[in-house]
Amino acid sequence: MNTQALKDYFSGLQRRIVDAAEALEGPTGKRFTADPWQKPPGQPLGGSGVTCIVEGGRVFERGGVAFSHVSGGALPASATAKRPELSGRSFEAMGVSLVLHPENPYCPTAHMNVRALVASKPGEDDVWWFGGGMDLTPYYPFAEDIRHFHAACKTALAPYGADTHARYKKWCDEYFFLKHRNEPRGVGGIFFDDLNEGSFEHCFALTRAVGDAFAGAYLPLLEKRQHTPYGERERDFQAYRRGRYVEFNLVWDRGTLFGLQSGGRTESILMSLPPVVKWRYDWQPEAGSPEAELYAMLEPRDWV
């Protein structure tokens, strides 16, 4: 299978999202730094990519938009655990993964990922699948912002089946859940994995629809909230809730595990971690406080 079309789309999507985020930073903000990388020759797994990073920006305290392309002679254990028939196949895995952490606590954090994997074996048909999604993690939530984000997700998936959005929203609610805390990471979005239903072209188109919808789903929320005044109380709570983000990524996230097991670049894989984080022992928000309002809105619901 020729994977050049995949590579062209994913690398182009990275450029478009970086351009849109830099436009939001404005002329007085920070530019993203492009950090190209390539695995040294002679290793069992090859790979290359570009990690675009911004830190200490006018809007983004930290943000990363990464394109990676990893290949090798055998799939890692994390990819074959549920599909042992793929063991021993060579593979190519590529995609775009991003996390944007604004400084203002009234601006939510967002994550988006779109990816594809093609596994090959001489004399047999290629096996392929797509995955991805996006989700929103607010600290001081606004219902209209959450509705906007979910509506953009629903619109993106509308051409791909009447029940697709509902299934992928439920999947997202179940996936981005901290089992050890018994609470959601944020207010959800959409998530899908191992997508190979129908033709390759159909699944690729659905994946593109998700990737292309991200900027319109998320960046308008930052435009609206970036100048909201805040103080130390809001920053402190933001740092506390960011701890949940770290816990999920390091304990539960399949993408992090796959990246590390497949020999991906560690700095690029862990770019999702926020720069300022706090933990407290058995802390609970005060009843009726703005912080308690967040917990009341985390429960999954139909936002659109």
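Mapped onto the working numbering, the consecutive letters of the sequence shown carry residue numbers 99 to 402.
Even for Gly, the Cβ is constructed at its ideal location relative to N, Cα and C.
Remark: three or more beta-carbon pairs, one from each stretch, lie closer than 8 Å, so the segment 328–335 and the segment 197–212 are flagged as touching. If you look at A208, you'll find it in the beta strand (DSSP E) that goes T207 to S218. Cα atoms of Y343 and K137: separation of roughly 28 Å, rounded to the nearest angstrom. When rounded, the separation of the alpha-carbon atoms in M369 and V163 is 9 Å. For the 7 Å CB-CB criterion, F108 and M210 do not form a contact. The Cβ-Cβ distance between S166 and G144 does not fall below 7 Å. The DSSP-derived three-state label of T149 is strand. Under DSSP, V163 forms a beta bridge with C150 and L196. Three or more Cβ pairs drawn from the segment 236–243 and the segment 307–327 lie within less than 8 Å of each other, which places the two stretches in contact.
In this structure the segment 301–314 does not lie against the segment 274–285, because fewer than three pairs of beta carbons, one per stretch, are closer than 8 Å. A121 and T262 have their C-alpha atoms some 32 Å from each other. Taking 7 Å as the cut-off, the Cβ atoms of G230 and V212 count as close. By the beta-carbon neighbour count (other beta carbons within 10 angstroms, threshold 16), N294 is exposed.
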